[in-house]
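One structure is given here, and the rest of the page talks about it.
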Amino acid sequence: VLNEFKLYERWDLNPNDPEYRYWSNLLYQERVSIGPTRYESVEIVTQDEDPQVAKDMAVFIIDKFNEVTSRGDKEMHIKYRTMKEFEIGRLDSIIDLLEERITTIRIESGITDYESQSERVIEGYLDLLKSGASRSKLEEVEKMIKKLSNQGGEIEVIREKINGLKEYNADLTEEFIMATSRTLSGLDYAKVIVEPRVADKKSYPVRWIIMVISVLLGGLAAVILVIFKERLSPSS
């Protein structure tokens, strides 16, 4: 605010003065007030010899608040988006590895459709039992059933893991999209209830008025005391 409106010039302050920071802070506190109200809102009061400048200062404070808050919010969502992007990439890699494992099992075992192949083998085994097939023939089919059970079961377990990871990946993707939209949005974080307006007349800091009145009263008291002493002196 000081630099935007060059208040140091309006207040006759020299930025090179060793006491510049003290006096600029003091004058700023006298002329700019930001505090809570009983309605759970924030009131901004600015004062200047030029009412238009005072209004522009209030508008600038609101705009700067939106700018700084938006920048911080965007930085936070960019970090969040980057984190989600990393997690999505990691899950994609895990899913790819699991699908490669399924492909390897299918090639080695010849399993293409676990459920249908299991049904056919079991039906064939039952038919062999009914027909009184030899023990060696039955053992051969039993080995096939065991192989299907072991390797086919592993495929099903891996498939369930892949489905779960894909569901989680979909949630991460949705969060990633939301974070991306927040980084691109231009939201106003300050909801202005009453727009800043130009005062009807010049407005000076109240404490400075009190200070001036105090000085005048002090000077008047000193004059009265001097007159009173002169009247009490023997020469008078």
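Each residue of the sequence shown is one higher than the one before, counting from -5 in the working numbering.
Even glycine gets a Cβ: it sits at the ideal position worked out from N, Cα and C.
query, result
"When the Cα atoms are used, what is the spatial distance from residue 51 to residue 178?", "28 Å"
"Specify the secondary structure class of residue 27 as computed by DSSP and reduced to three states.", "strand"
"In chain order, what are the residue ranges of uninterrupted alpha helix (DSSP H) at least 4 long that sit wholly in the stretch 0 to 87?", "1 to 4, 14 to 25"
"Given a cut-off of 9 Å on the beta-carbon distance, is the pair residue 85 and residue 14 in contact?", "no"
"Using a Cβ distance threshold of 8 Å, determine whether the stretch 145 to 164 contacts the stretch 87 to 101, with at least three qualifying pairs required.", "yes"
"In chain order, what residues of the same chain have a beta carbon less than 8 Å from the beta carbon of residue 2, not counting five sequence neighbours either side?", "-4, 8, 9, 14, 18"
"Taking a contact to mean a Cβ-Cβ separation below 9 Å, would you say residue 46 touches residue 192 in this structure?", "yes"
"Could you check whether residue 82 and residue 174 sit closer than 9 Å to each other, using their CB atoms as the reference points?", "no"
"Note down the Cα distance separating residue 98 from residue 154, rounded to an integer number of angstroms.", "17 Å"
"Can you give me the C-alpha to C-alpha distance between residue -2 and residue 20, rounded to a whole angstrom?", "18 Å"
"Where does residue 58 land, buried or exposed, given buried means 16+ other C-beta within 10 angstroms?", "exposed"
"Tell me whether the beta-carbon of residue 103 lies closer than 9 Å to the beta-carbon of residue 66.", "no"
"Flag this pair as yes or no: are the beta carbons of residue 72 and residue 55 separated by less than 9 Å?", "no"
"For residue 126, name the three-state secondary structure that DSSP assigns.", "coil"
"Where does the unbroken alpha helix (DSSP H) through residue -3 begin, and where does it stop?", "Careful: residue -3 lies outside any alpha helix (DSSP H) and carries neither H nor E."
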